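Q: Under full-length UniProt numbering, the residues of the sequence shown are numbered 1 to 167, in order.
For every residue, glycine included, the Cβ atom is placed at its ideal position computed from N, Cα and C.
Owing to the predicted nature of the structure, the values given are computational and were not obtained by experimental measurement.
Structure incoming, see below.
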Amino acid sequence: MREAFQILDRDSDGVVNREDVMDMLDQLGLPSTASDVSQFFPPSAPQTMTMAMFLNSISTSLAALSPSTELLSAFSAFDDDDSGQVDVAELRDALLHTAPEPGQQPLTALDVDKVIAGFTGRRAFSKSTATGLGKRGEVFRYQDFVNTVAGGSGGAGRAADEEAEDA
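Here's what the structure looks like:
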């Protein structure tokens, strides 16, 4: 996902616009007229796309590749208190220290931050651990993330919509 977005974002400004898509289509030898690009950027929609919006736009395809139950199961391995949230530092550490698939580049801290952006927050309350004190700190709301990626509506979907309005 990160690599696909980076390919589209030819000027590395964190947003994909009509010109980025036109350039990509042209390089692929596909029609790249204004009308061809309009299917990606309808007049009533924002004319730029952030990483979060990119994820939303391809969520149907992603859902077929990674069923939400598999994603939820993977994230729940990090969810000590079954709250639908995982400690950001623990998740970041796991993602940064997991060997990539053959032929893939390892994730960077910036890559991880871009993907989890919009799905993080502070843990206000948590269930107690064996020591009697609940974990506090920054958490990744993985259920919202999975709902967004799988095409459902979650808190991050609203954040992406608000971000789109600002663009």
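Tell me whether glycine 118 is buried or exposed, calling it buried when 16 or more other Cβ atoms sit within 10 Å of its Cβ.
A: In the sequence shown, the residue the question calls residue 118 occupies position 118. With 16 or more other Cβ atoms within 10 Å, it is buried.
Q: Count the other CB atoms, across all protein chains shown, that sit within 10 Å of the CB of leucine 133; report buried if there are 16 or more and exposed otherwise.
A: As a position in the sequence shown, residue 133 is number 133, starting the count at 1. The predicted position of leucine 133 is uncertain, since its pLDDT is 46 and thus under 50; no value can be drawn from it.
Q: What are the start and end residues of the alpha helix (DSSP H) that includes glutamine 104?
A: As a working note, residue 104 is residue 104 in the sequence shown. Glutamine 104 -> no alpha helix (DSSP H), and no H or E assigned at all.
Q: Express the C-alpha separation of serine 32 and leucine 8 in angstroms, rounding to a whole number.
A: Locating residue 8 in the sequence shown gives position 8, counting from the first residue. Locating residue 32 in the sequence shown gives position 32, counting from the first residue. Straight-line Cα distance between these residues: approximately 14 Å.
Q: Could you give the DSSP three-state label for valine 139: helix, strand or coil?
A: Taking the first residue of the sequence shown as position 1, residue 139 is located at position 139. Strand.
Q: If distances are taken between C-alpha atoms only, which option among Val115, Glu138, Val139 and Thr120 comes closest to leucine 55?
A: Here residue 55 corresponds to residue number 55 of the sequence shown, with the count starting at 1. The residue with the shortest Cα to Cα distance from leucine 55 is Val115.
Q: Which residues bound the alpha helix (DSSP H) around aspartate 23?
A: For the purposes of this step, residue 23 is taken as the residue at position 23 of the sequence shown. Its alpha helix (DSSP H) spans residues 18 to 27.
Q: Can you find a CB in chain D that lies within less than 8 Å of the CB of threonine 98?
A: Although the question refers to chain D, the structure presented lacks it and comprises just one protein chain.
Q: Suppose the cutoff is 8 Å on Cβ atoms and the five residues either side in sequence are ignored; what does the same chain contact list for aspartate 23 look like?
A: Stepping through the sequence shown from its first residue, residue 23 is reached at position 23. Cβ neighbours of aspartate 23 beyond the five flanking positions: Arg10 and Ser32.
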